[in-house]
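Protein sequence lines correspond, in order, to chains Z and C. For the first sequence, the working numbering begins at 1285 and goes up steadily by one. For the second sequence, the working numbering begins at 1285 and goes up steadily by one. Please read the structure below before turning to the comments.
Protein chains: 2
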Amino acid sequence: MRALYAQSGGVTSVINASAYGVIDEARKNGLEIWVGINGVTGILKERFLDATELDIEFLKHTPAGAFGSCRKKMKNEADIQKLFDIFQKYNIRYFFYNGGNDSMDTAWRVQVEAQKRGYELKVVGVPKTIDNDLPHTDHCPGYGSAAKYIAIAMMEAALDLRSMWVDSTQVFVMEIMGRHAGWLAAAAGLGWLNGIGADIILLPEKPFDKDEFIAAVDRVVTKKGYCTIAVAEGLKYPDGFFVSDMGYTDSFGNRQLGGVGFTIAGMIRSELGLKIHVAIPDYLQRSGRHIASATDVEEAEMCGRMAVRYALEDNYGVMVTMERVSDSPYQIRYSSVPLNLVADQTKMLPKDYFDGYEITEKFIRYALPLIQGEPYPPYRNGLPDYRMFDIG
Amino acid sequence: MRALYAQSGGVTSVINASAYGVIDEARKNGLEIWVGINGVTGILKERFLDATELDIEFLKHTPAGAFGSCRKKMKNEADIQKLFDIFQKYNIRYFFYNGGNDSMDTAWRVQVEAQKRGYELKVVGVPKTIDNDLPHTDHCPGYGSAAKYIAIAMMEAALDLRSMWVDSTQVFVMEIMGRHAGWLAAAAGLGWLNGIGADIILLPEKPFDKDEFIAAVDRVVTKKGYCTIAVAEGLKYPDGFFVSDMGYTDSFGNRQLGGVGFTIAGMIRSELGLKIHVAIPDYLQRSGRHIASATDVEEAEMCGRMAVRYALEDNYGVMVTMERVSDSPYQIRYSSVPLNLVADQTKMLPKDYFDGYEITEKFIRYALPLIQGEPYPPYRNGLPDYRMFDIG
């Protein structure tokens, strides 16, 4: 009777802390814990690591998916049959799947198919996404660290621009991940708590109006000489079309987006004739473990532990969630939600978390506890002492 | 009899530490120290801050130019005459100018013009550039911190790609600052000391051969499934033409470059049909004080102090330099070089610091001491406690 853990979807700087939580909690409870390499993609090839004796300490400070992730969806019958043959072969009875919206859909399908087949299997989802767009949870592990990274990056870039604008660059644009929701882009405004941040935040939740936007940039530049802009990659026109659509879809069927920062910069250059710099942190924002949030690292680990505890309490077919008890002092309570209620769902930034191109007090009260603390990784050779498993 | 300090050119995460060094050393030696806002641009408008009583502690941990920088060159007679009228009016007799190649040219012109005019003025240049391309100094303040940032960013992105390549993105490209020289791009290879870094580094020092490059990417991807690439913005074809030329020049007459990351990615996509992510850290790499190098912060401050000491010893018309005494234990000696020997000069990466697309042991021995130590800034609200002067 074995437990299996695997990682799925875009990684974060703290997903390995969840892996640590699952593995350590499983061991403490006497479960034989295995790990699937590259999520269901590797499991279908019987690629496993026995984690019962693995040295896992470094998982708490190493970003990205130490066991490999995947983008695969379990949509066809042949894959599902093969998965259950493999589960049966290795007597896998617990399945902890660590991912976001798409991955929770996979977890849900596997749970449903197990019941259909009369195969005893307890599936628990461990939430993970820098996008923070899973419903029924106050927030998601991975978001706090990415938000902290973005807030700091925007502060530092804004200080840079503030130095340079008098006879050089006057506009800085940072393109931020967030295909559907603006949670992460909104974090670019948090720096104002310490005096400097994004002047304009373009969110997918606010349909893009070019004329209104250009007028806003012009106003800011006229007033203070320079303007910092955060733009979510999922920015949309009122008709729902992405401002920057790359023209193709990934294997989950999501439209590939890219280059919205340059699209926006081009508009400003042609309309206002200003010199512009564009930054695209890309992977850096989601794997920037060197400046993770302590709250996030701790909660990521606890979400992993809770998944094991729920499964052992026969609370399965669920995803671990966090409920906000209070903002200050910050307090959360762990809970769970049926997987089908999160599968393929998206939680947008609430209307009262932003006002035009700015974030509100309410968003700040929400986000502030999530970026607290600096659990720096250990350093060796002047660089983080990240470690790896041999995953082929 | 006053001393004047000012900042010029693209900023760094430690230029303010040099400002701290100049101001503190000047005070200790009884000089009345003023600061020019926005370099010569502001000085020509008589924009000064009296720094004799200013609270300057935060300069040691706040990135970018706290006093504002500029891109102005002192090329015309009217500007030079006006500058000397202003120097005379305020009895400015020491001028500490903090910048890179172009700024040292300005410092040199000012020193020469002072001598021509019989105006007693002692000019000392304080080096600063993330590009690390000033000659006659072992390295430049600003480089160590930017190199540390790039090395860590590439490690984190490489771990991300390593998680994802099996059924998603297989190539990651990071576009790195460095108009003429590949010092900073080379730092993307330092992560290998801790197990993971850039597979291919494209340097301006090695003329770009598209076919050879595509074959190299193909080899790496075939061997291990994914490939990480660092590309310097100043990458050139054998005929000297930039691989990505934006089509215009800045006010220093430098060609504006941008988008080489996407140019390279486009080549790989069309030749090899692989899915690619591109990151452009832009300002983030040169103002990322949250992960500066301790060596760099200390040396930046000392370069500021040495500038004042040299001026007081009547060693002027020079720039402060650092000479490497030994790599291990790391030891440097401060010295100086006549400004005309650094003005508008560029030091390229030596031929034995790279081999094809990789860095050599020799580069590692050179760069390693420069990225040591983590002098983290203080935090407030979960964010760095950066501060600002009111510079208008």
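Built from N, CA and C at the ideal position, the CB exists for glycine as well. For clarity, every value in this text was computed on a predicted model and none was experimentally measured.
Requested in this report: Pull up the DSSP beta-bridge partners for Q1291/Z, would you.
Outcome: Beta-bridge pairing by DSSP links Q1291/Z to N1382/Z.
Query raised in the report: Listed in chain order, which residues of the segment 1405-1419 of chain C have Cβ atoms closer than 8 Å to some Cβ of chain Z?
Result: Cβ contacts with chain Z come from no residue of the segment 1405-1419 of chain C.
Query raised in the report: Going by DSSP, which residues form a beta bridge with F1526/C?
Result: Beta bridge pairing from DSSP links F1526/C with K1520/C.
Query - Cβ neighbours of Y1510/Z in the same chain (closer than 6 Å, five flanking residues each side left out) - result: Sequence-distant Cβ neighbours of Y1510/Z in its own chain, meaning closer than 6 Å and more than five residues away, are L1445, W1449 and Q1454.
Requested in this report: Could you name the residues of the same chain whose beta carbon sits closer than 6 Å to that of S1297/C, not counting the 5 residues immediately before and after it, in chain order?
Outcome: P1347, S1429, S1571, G1572, R1573 and A1576, listed in sequence order.
Query raised in the report: Does any C-beta atom of chain Z lie closer than 8 Å to the C-beta of Q1615/C?
Result: Chain Z, which has no Cβ nearer than 8 Å to the Cβ of Q1615/C, makes this no.
**Report entry** Cutoff 6 Å; reference G1409/C; Cβ partners in own chain excluding five residues on either side
**Finding:** For G1409/C, the CB contacts under 6 Å within the same chain, skipping 5 residues up- and downstream, are Y1381, M1388, A1391, M1603 and L1623 in chain order.
Report task. Flag F1687/C as yes if its beta-carbon sits less than 8 Å from any beta-carbon of chain Z, otherwise no. Result -> With chain C running from 1285 to 1676 in the structure shown, residue 1687/C is simply not present.
Query raised in the report: Along the segment 1434-1452 of chain Z, what residues have a CB closer than 8 Å to any CB found in chain C?
Result: Cβ contacts with chain C come from A1435, I1436, A1437, M1439, E1440, A1441, L1443, D1444, L1445, R1446, S1447, M1448, V1450, D1451 and S1452.
Report task. Name, going along the chain, the residues of the segment 1421-1434 of chain C whose beta-carbon falls closer than 8 Å to a beta-carbon of chain Z. Result -> Listed by position, the residues of the segment 1421-1434 of chain C near chain Z (Cβ gap below 8 Å) are K1432.
Query raised in the report: If we ignore side chains and look at the alpha-carbon of each, how far apart do I1460/C and R1503/C end up?
Result: Roughly 23 Å separates the two Cα atoms.
**Report entry** Cα-Cα separation between R1608/C and P1661/C, rounded to whole angstroms
**Finding:** If you take the alpha carbons of R1608/C and P1661/C, they lie about 28 Å apart.
**Report entry** Residue closest to P1419/C, alpha-carbon to alpha-carbon, out of P1668/C, L1288/C, D1529/C and M1632/C
**Finding:** Put simply, of P1668/C, L1288/C, D1529/C and M1632/C the residue whose alpha carbon is nearest the alpha carbon of P1419/C is M1632/C.
Report task. Note down, in chain order, every chain Z residue with its Cβ under 8 Å from the Cβ of E1361/C. Result -> Close to E1361/C, with beta-carbon spacing below 8 Å, lies no residue of chain Z; the smallest spacing is near 19 Å.
Query - Whether K1412/Z touches S1302/Z by CB criterion (8 Å) - result: Cβ atoms of K1412/Z and S1302/Z: closer than 8 Å.
Query raised in the report: By how many angstroms is the C-alpha of F1647/Z removed from the C-alpha of F1673/C?
Result: Cα-Cα distance, rounded: 28 Å.
Query raised in the report: Along chain C, in chain order, which residues have C-beta atoms closer than 8 Å to that of N1385/Z?
Result: Those within 8 Å of N1385/Z in chain C number zero; the least Cβ separation is about 16 Å.
Query - Cβ shell of E1316/C (< 6 Å), same chain only, five flanking positions each side left out - result: The answer, listed in chain order, is R1286 and T1336.
Query raised in the report: Using a beta-carbon distance cut-off of less than 8 Å, what residues from the segment 1561-1578 of chain C approach chain Z?
Result: Those residues of the segment 1561-1578 of chain C that come within reach of chain Z (Cβ to Cβ, closer than 8 Å) are H1561, V1562, A1563, I1564, P1565, D1566, Y1567, L1568, R1570, S1571, G1572, R1573, H1574, I1575 and S1577.
Requested in this report: State the DSSP-derived secondary structure class of H1561/Z, mapped to helix, strand or coil.
Outcome: If DSSP states are grouped into helix, strand and coil, H1561/Z belongs with the strands.
Requested in this report: On a CA-only basis, which of D1523/Z, K1356/Z and K1312/Z is nearest G1293/Z? Give me that one, please.
Outcome: Of D1523/Z, K1356/Z and K1312/Z, the residue nearest in Cα terms is K1356/Z.
Query raised in the report: Rounded C-beta distance between D1451/Z and T1421/C? I'm assuming under 8 Å.
Result: Not quite, the Cβ-Cβ distance comes to about 26 Å (not below 8 Å), so this is no contact.
**Report entry** Test: A1348/C CB closer than 8 Å to a CB of chain Z
**Finding:** Output row for A1348/C: interface = yes.
Query raised in the report: In terms of alpha-carbon separation, which member of Y1289/C, E1496/C, E1642/C and P1613/C lies closest to A1350/C?
Result: Nearest of Y1289/C, E1496/C, E1642/C and P1613/C to A1350/C, Cα basis: Y1289/C.
Query raised in the report: How about S1302/C: is its C-beta nearer than 8 Å to some C-beta of chain Z?
Result: Not a single C-beta of chain Z is nearer than 8 Å to the C-beta of S1302/C.
Query - Partners in chain Z for N1478/C, counting only beta-carbon separations shorter than 8 Å - result: Chain Z residues near N1478/C: R1664, N1665, L1667, P1668, D1669 and Y1670.
Query - the segment 1430-1441 of chain C touching the segment 1471-1479 of chain C, judged by at least three CB pairs closer than 8 Å - result: Touching, yes.
Query raised in the report: If we cut at 8 Å on Cβ distances, does G1352/C have a partner in chain Z?
Result: Using a CB distance cut-off of 8 Å, G1352/C counts as an interface residue toward chain Z.
**Report entry** Among L1652/C, T1605/C, L1367/C and Q1291/C, nearest to Y1663/Z - alpha-carbon criterion
**Finding:** Distance check between Y1663/Z and each of L1652/C, T1605/C, L1367/C and Q1291/C places L1652/C closest, using alpha-carbon atoms only.
Query raised in the report: Taking only beta-carbon atoms, is Q1656/C less than 8 Å away from chain Z?
Result: With 8 Å as the cut-off, Q1656/C counts as an interface residue toward chain Z.
Requested in this report: Please state if the CB of E1585/Z and the CB of Y1304/Z are separated by a distance shorter than 8 Å.
Outcome: Yes, the pair counts as a contact, with Cβ atoms nearer than the cut-off.
Query raised in the report: Within the 8 Å Cβ cut-off, does L1468/Z reach chain C?
Result: Interface residue (Cβ-Cβ distance to chain C less than 8 Å): L1468/Z is not classified as such.
Query raised in the report: When you compare only the Cα positions, how much space is there between M1458/Z and R1671/Z?
Result: Straight-line Cα distance between these residues: approximately 30 Å.
Query raised in the report: Is V1501/Z near I1485/Z, with beta carbons less than 8 Å apart?
Result: It is not a contact, given that the beta carbons lie outside the stated cut-off.
Query raised in the report: In chain C, which residues lie with their C-beta within 8 Å of the C-beta of K1356/Z?
Result: The contacting residues are D1451.
Query raised in the report: From what residue to what residue does the beta strand (DSSP E) around T1605/Z run?
Result: Counting along the chain, the beta strand (DSSP E) containing T1605/Z begins and ends at V1602 to D1611.
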